[in-house]
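Numbering (the working numbering), first residue to last: 14 to 369.
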């Protein structure tokens, strides 16, 4: 019988203690501090604990001490890696479980950061709570983890996997929070961008995301529809509720045309996009997109990729052609898996070379 979930609290860096993570989902109540304090000193002062119910840590079996799954990915016992899964606007933790299972089977820990419908409904100021409060606290949670090492001396690294422009911009906000911490940015070994990469503040994109959050039917982790892949992504909402979608898109496109130019909202978004455009860490980037995506155009993704290549970044991509927005894994599961696994092997190989 598996052990019941346990809450662990371990010290900030420096940290060399091996934490006996359970096999099932756990929450980590980290104290809140500023990135400035983290950068200035290794002596940190605790404040109120982080209580974000949309953040979940899913530890791979035997992930701390190495596993057969990890050996299959990189050939032998390598570094400890956790993937950060950043969901689309209106996503629930249950929607990201298929990706959690993908990584856990390969010996990779998974951390999900969702944007539930209640957060969406309460953030008409374009993510004041999301980008100003939740993201900085979550960034500190990640910074604490990667600053530590395992009891056998192995380092910890992060891989990011983002969904739609919402998840991608959250990644940009995390990068913005970490500016000046090159030691932490170097621990990011790669980023997979699924259905994202449009650097323009396009009202239509945000209207589509918000409409999806309103119309999507709530699900639970135990829902059979979720297990079968019937997640109400933007493409599926448009397919099942076309009349409501048309009406709400017209309304919200006008609303977001105003919200996107408000000083406060615009600054948050601009800072995130600036970090994505000009301050990405020196790690490989994989863009998974499709020509048929009606939310984020393939031209926008390809334009952003070209800009990154001109900056000397290692950029890879795969165009699925006919699959819809945030629907590539459900539609082309085998191809999607092979693309991500190949990219993962490449990222881990680069880490091993750097450690020699």
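The beta carbon of each residue, even a glycine, is placed where N, CA and C say it ideally should be.
Which residue wins for smallest C-alpha separation from residue 304, given the options 209, 128, 95? In the chain shown, counting from the first residue as 1, residue 304 sits at position 291. Among 209, 128, 95, the Cα nearest to that of residue 304 belongs to 209.
If you drop the 5 nearest sequence neighbours on each side, which residues of the same chain put their C-beta closer than 6 angstroms to that of residue 377? No answer is possible for residue 377: it lies beyond the span of the chain, which begins at 14 and ends at 369.
Going straight from the alpha carbon of residue 336 to that of residue 102, what length do you get? To locate residue 336, count along the chain shown from 1; it is residue 323. To locate residue 102, count along the chain shown from 1; it is residue 89. Their backbone Cα atoms lie some 19 angstroms apart in a straight line.
Can you tell me which of 294, 298, 154 puts its alpha carbon nearest to the alpha carbon of residue 175? Residue 175 sits at position 162 when you count from the first residue of the chain shown. Minimum Cα distance to residue 175 is reached at 298.
So if DSSP puts residue 331 in a beta bridge, which residue, or which two residues, is it bridged to? Within the chain shown, residue 331 is the residue found at index 318, counting from 1. In the DSSP output, where bridge partners are listed per residue, residue 331 has 301.
Neighbour-count burial assignment, residue 277, 16 or more Cβ in a 10 Å radius: Reading the chain shown from its first residue, position 264 is the one you call residue 277. Counting Cβ neighbours within 10 Å, residue 277 comes out exposed, since fewer than 16 surround it.
Put residue 156 into one of helix, strand or coil per three-state DSSP. Stepping through the chain shown from its first residue, residue 156 is reached at position 143. Three-state DSSP puts residue 156 in a helix.
Quick check on residue 99: does DSSP put it in helix, strand or coil? One-based indexing of the chain shown puts residue 99 at position 86. In this structure, residue 99 counts as strand in the three-state DSSP scheme.
Express the C-alpha separation of residue 170 and residue 119 in angstroms, rounding to a whole number. The residue labelled residue 119 in the question sits at position 106 within the chain shown. The residue labelled residue 170 in the question sits at position 157 within the chain shown. Straight-line Cα distance between these residues: approximately 15 angstroms.
Quick one, which of 307, 73, 300, 368 has its alpha-carbon nearest residue 220's? The residue you call residue 220 lines up with position 207 of the chain shown. For residue 220, the nearest C-alpha among the options comes from 307.
Out of 158, 66, 146, which has the shortest C-alpha to C-alpha gap to residue 93? Taking the chain shown and counting its residues from 1, the one referred to as residue 93 is at position 80. Comparing Cα-Cα distances from residue 93 to each of 158, 66, 146, the minimum goes to 158.
For residue 193, does the three-state DSSP call read helix, strand or coil? Translated into the one-based positions of the chain shown, residue 193 becomes position 180. Under the three-state reduction of DSSP, residue 193 is assigned to coil, being neither helix nor strand.
Neighbour-count burial assignment, residue 366, 16 or more Cβ in a 10 Å radius: Taking the chain shown and counting its residues from 1, one reaches residue 366 at position 353. When all chains shown are included, residue 366 counts as exposed.
When the Cα atoms are used, what is the spatial distance from residue 428 to residue 190? Given a span of 14 to 369 for the chain in the structure shown, any question on residue 428 remains unanswerable.
When the Cα of residue 201 is compared with those of 185, 214, 330, 216, which residue comes out closest? Counting from 1 along the chain shown, the entry for residue 201 is found at position 188. Of the listed residues, the one whose Cα sits closest to residue 201 is 185.
Could you give the residue range of the alpha helix (DSSP H) that holds residue 281? Here residue 281 refers to the residue found at position 268 of the chain shown. It spans 276-291 - the alpha helix (DSSP H) in which residue 281 sits, taken as one unbroken run.
Our contact map puts residue 192 next to residue 292 with C-beta atoms below 8 angstroms; I'd like the distance itself, whole angstroms only. Position 179 of the chain shown, counted from the first residue, corresponds to residue 192. Position 279 of the chain shown, counted from the first residue, corresponds to residue 292. The pair is a contact, with the Cβ atoms about 6 angstroms apart (cut-off 8 angstroms).
Limits of the unbroken alpha helix (DSSP H) element including residue 325: Translated into positions along the chain shown, residue 325 becomes position 312. Unbroken run through residue 325: none, as it is neither H nor E.
Would you tell me roughly how many angstroms separate the C-alpha atoms of residue 360 and residue 224, rounded to the nearest one? The residue given as residue 360 occupies position 347 in the chain shown. The residue given as residue 224 occupies position 211 in the chain shown. Cα-Cα distance, rounded: 36 angstroms.
CB-CB under 8 angstroms to residue 213, same chain, minus the five flanking residues each way: which ones, in chain order? Sequence index remark: in the chain shown, residue 213 carries index 200 (1-based). Within the same chain, residue 213 has close Cβ partners 313.
Identify, in the order they occur along the chain, each residue of the same chain with its Cβ nearer than 6 angstroms to the Cβ of residue 317, setting aside the five sequence neighbours on each side. Here the question's residue 317 lines up with position 304 in the chain shown. Only 210, 212 meet the Cβ criterion.
Going by Cα to Cα distance, which pick from 279, 199, 222, 163 is closest to residue 104? Numbered from its first residue, the chain shown carries residue 104 at position 91. Minimum Cα distance to residue 104 is reached at 222.
Determine the burial state of residue 274: buried for a count of at least 16 other Cβ atoms within 10 Å of its Cβ, exposed for fewer. Locating residue 274 in the chain shown gives position 261, where the first residue counts as 1. By the 10 Å Cβ count, residue 274 comes out exposed.
Here's the rule: buried if 16 or more other CB atoms are within 10 angstroms of the residue's CB, otherwise exposed. What is residue 183? Counting from 1 along the chain shown, the entry for residue 183 is found at position 170. Around the C-beta of residue 183, 16 or more other C-beta atoms lie within 10 Å, and the residue is accordingly described as buried.
DSSP state of residue 174 mapped onto helix, strand, coil: As a first step, residue 174 must be located in the chain shown, where it is residue number 161. Residue state, collapsed to three classes: strand.
Here's the rule: buried if 16 or more other CB atoms are within 10 angstroms of the residue's CB, otherwise exposed. What is residue 255? As a first step, residue 255 is located in the chain shown; it is residue number 242 there, counting from the start. A residue is called buried once 16 or more other Cβ atoms fall within 10 Å of its Cβ, and residue 255, having fewer, is exposed.
Residue 300 and residue 259 closer than 9 angstroms at C-beta: Against the chain shown, residue 300 aligns to sequence position 287. Against the chain shown, residue 259 aligns to sequence position 246. No. Outside cutoff.
Member of 257, 282, 217, 163 whose CA lies at the smallest distance from the CA of residue 269: Along the chain shown, one-based indexing puts residue 269 at 256. Nearest C-alpha to residue 269: 217.
What number of angstroms, rounded off, separates the C-alpha of residue 203 from the C-alpha of residue 355? Within the chain shown, residue 203 is the residue found at index 190, counting from 1. Within the chain shown, residue 355 is the residue found at index 342, counting from 1. Each residue's alpha carbon lies about 12 angstroms from the other.
Please report the residue range of the beta strand (DSSP E) in which residue 203 lies. Within the chain shown, the letter at position 190 stands for residue 203. Segment 201-207, the beta strand (DSSP E) holding residue 203.
Going by DSSP, what residue range makes up the alpha helix (DSSP H) through residue 371? Lying before the first or after the last residue shown, residue 371 is absent from the chain, which here runs from 14 to 369.
DSSP three-state call for residue 168: helix, strand or coil? Numbered from its first residue, the chain shown carries residue 168 at position 155. Of the three classes helix, strand and coil, the one that applies to residue 168 here is strand, per DSSP.
Quick one: using the 10 Å Cβ neighbour count with 16 as the cut-off for buried, is residue 49 buried or exposed? The count along the chain shown starts at 1 and reaches residue 49 at position 36. Its pLDDT being 47, under 50, residue 49 is placed unreliably by the model, and nothing is read from it.
Taking residue 259 as part of the alpha helix (DSSP H), name the residues at either end of that continuous run. Here residue 259 refers to the residue found at position 246 of the chain shown. The continuous alpha helix (DSSP H) containing residue 259 extends over residues 255-272.
Applying the 10 Å Cβ sphere with the 16-neighbour rule, what's the burial state of residue 352? Start at 1 with the first residue of the chain shown, and residue 352 comes out as number 339. It counts as buried.
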